[in-house]
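K.L.:
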């Protein structure tokens, strides 16, 4: 690109080598950069959530379905059946707007922060090892939790929980946000922040660790080896599955802390204590199956779209 000068501290790489470096920004030039924004990541996040939201809806309903009430649903199929019977197919998409509005900036912040951190931590050959990938993923998860995920998830959970009421009070995304802020103040959209930071941080640490490990293993001694979309999707699904089994208990606590009954809990730790005391350890894995289906598909789609968009931009926006 005319006028673009690489830093003398950086090695002189070909465009193919730069592409092989994966998720990093490819040159340090005079144009101002936005380390917390990734356009390919935002696009990938928006497409993904429109595809996978019904599984997120079912997962959230099952996690909110406490034994003490008693349970309203017998399982995944019964939850889907009752929702469609009472609200139609559109009922499975209640709360989608909050995630659509949030998923694009969430993915943009996540990948943007990961790119920013990984740029600082790559070795002289442009490679990122698994341990550094985990650290970068942790940083990306914490950033997206604080900036986007906590308010987005709070609104989403309240919307879904509100549908269980005989007379739902939220008429839409903006009306719901306005009502939440009016009744609880701005802090009403930041309920369960501690659980959200723990969940998102561990989520992305696990996912990027697994993804980086698998990509490095696949490329072996050839950093220029191209990974086709199908393989990227398989690696993404495996990374998503690892994160589900690794932190579903945190996801359950986060969901309870953000629901309409959150006032019952004094803190994140009190919520976890009450779940263990009254419902037992298995309650921490409520919604695992629908979450596993959604997250595997989610992570696979996001990484495939992200990588393909980056490849496309490398062709139309030359950096060497």
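Numbering (this note's numbering), first residue to last: 25 to 344.
All C-beta atoms in this analysis are idealised placements derived from N, C-alpha and C, irrespective of residue type, glycine included.
Since we're looking at a predicted model, the values are computed, not measured.
Do you know offhand how far residue 274's Cα is from residue 327's?
P.N.:
Their backbone Cα atoms lie some 23 Å apart in a straight line.
K.L.:
From residue 242 to residue 332, what distance separates their C-alpha atoms?
P.N.:
The alpha-carbon atoms of residue 242 and residue 332 are separated by roughly 18 Å.
K.L.:
Return the CA-CA distance between residue 306 and residue 300, expressed in angstroms with no decimal places.
P.N.:
Going from the Cα of residue 306 to the Cα of residue 300 covers about 8 Å.
K.L.:
Could you check the C-alpha separation between residue 217 and residue 321 for me, to the nearest Å?
P.N.:
When rounded, the distance between both Cα atoms is 26 Å.
K.L.:
Grouping DSSP H, G and I as helix and E and B as strand, with all else coil, what is residue 338?
P.N.:
Residue 338 falls in the helix class under three-state DSSP.
K.L.:
Just to confirm, are residue 161 and residue 224 a CB contact at a threshold of 8 Å?
P.N.:
Not a contact, by the Cβ cut-off of 8 Å.
K.L.:
Rounded to the nearest angstrom, how far is the Cβ of residue 219 from that of residue 264, given a contact under 8 Å?
P.N.:
About 20 Å; that fails the 8 Å criterion.
K.L.:
If you draw a straight line from the C-alpha of residue 337 to the C-alpha of residue 330, how long is it?
P.N.:
Using only the alpha carbons, I get a separation of about 11 Å.
K.L.:
Tell me which residues share the same chain as residue 266 and place their Cβ nearer than 6 Å to its Cβ, disregarding the 5 neighbours each side in the sequence.
P.N.:
Excluding positions up to five away in sequence, the list reads 230 and 234.
K.L.:
Under 8 Å Cβ to Cβ from residue 154, same chain only, skipping five residues before and after it: list those, please.
P.N.:
So the qualifying residues of the chain are 233, 236, 237 and 240.
K.L.:
Going straight from the alpha carbon of residue 195 to that of residue 290, what length do you get?
P.N.:
Answer to the nearest angstrom: the Cα atoms are 29 Å apart.
K.L.:
Does DSSP put residue 282 in a helix, a strand or coil?
P.N.:
In the structure shown, residue 282 sits in a helix (DSSP, three-state: H, G or I).
K.L.:
Return the residue from the list 71, 86 and 131 that minimises the CA-CA distance to residue 277.
P.N.:
When only C-alpha atoms are compared, the closest one is 86.
K.L.:
Identify whether residue 86 lies in helix, strand or coil by the three-state DSSP scheme.
P.N.:
In the structure shown, residue 86 sits in a helix (DSSP, three-state: H, G or I).
K.L.:
Between the C-alpha atoms of residue 250 and residue 149, what's the straight-line distance to the nearest angstrom?
P.N.:
Whole-angstrom Cα-Cα distance: 17 Å.
K.L.:
Please identify the residue among 286, 71 and 185 whose C-alpha is closest to the C-alpha of residue 124.
P.N.:
When only C-alpha atoms are compared, the closest one is 71.
K.L.:
Less than 8 Å between the beta carbons of residue 213 and residue 179, yes or no?
P.N.:
Going by C-beta atoms, residue 213 is nearer than 8 Å to residue 179.
K.L.:
Could you compute how far the alpha carbon of residue 10 sits from the alpha carbon of residue 128?
P.N.:
A question about residue 10 goes unanswered here, because the residues of the chain that appear run from 25 up to 344.
K.L.:
Applying the 10 Å Cβ sphere with the 16-neighbour rule, what's the burial state of residue 287?
P.N.:
With fewer than 16 Cβ atoms within 10 Å of its Cβ, residue 287 is classed as exposed.
K.L.:
Compute the Euclidean distance between the alpha carbons of residue 77 and residue 120, then round it to the nearest angstrom.
P.N.:
Computed Cα separation, rounded: 7 Å.
K.L.:
Give every residue of the same chain whose Cβ lies closer than 7 Å to the Cβ of residue 319, excluding the five residues on either side of it in the sequence, and list them in chain order.
P.N.:
Only 264, 267 and 268 meet the Cβ criterion.
K.L.:
Report the option in 158, 166, 151 and 104 whose CA atom is closest to the CA atom of residue 133.
P.N.:
If we check each option's Cα against that of residue 133, 166 comes out closest.
K.L.:
Go through the stretch 181–243 residue by residue and report every complete run of the alpha helix (DSSP H) that reaches 4 residues or more, in order.
P.N.:
The qualifying runs are 197–208 and 217–243.
K.L.:
With DSSP collapsed to three states, give me the class of residue 318.
P.N.:
Helix at residue 318.
K.L.:
Could you give the C-beta distance for residue 203 and residue 282, rounded to a whole number, given that I count them as a contact under 8 Å?
P.N.:
Not a contact, Cβ separation roughly 15 Å.
K.L.:
Given this structure, state the Cα-to-Cα distance separating residue 151 from residue 75, to the nearest angstrom.
P.N.:
The straight-line gap from Cα to Cα measures roughly 33 Å.
K.L.:
Beta-carbon separation of residue 163 and residue 137 under 8 Å?
P.N.:
In this structure, residue 137 lies closer than 8 Å to residue 163 by Cβ.
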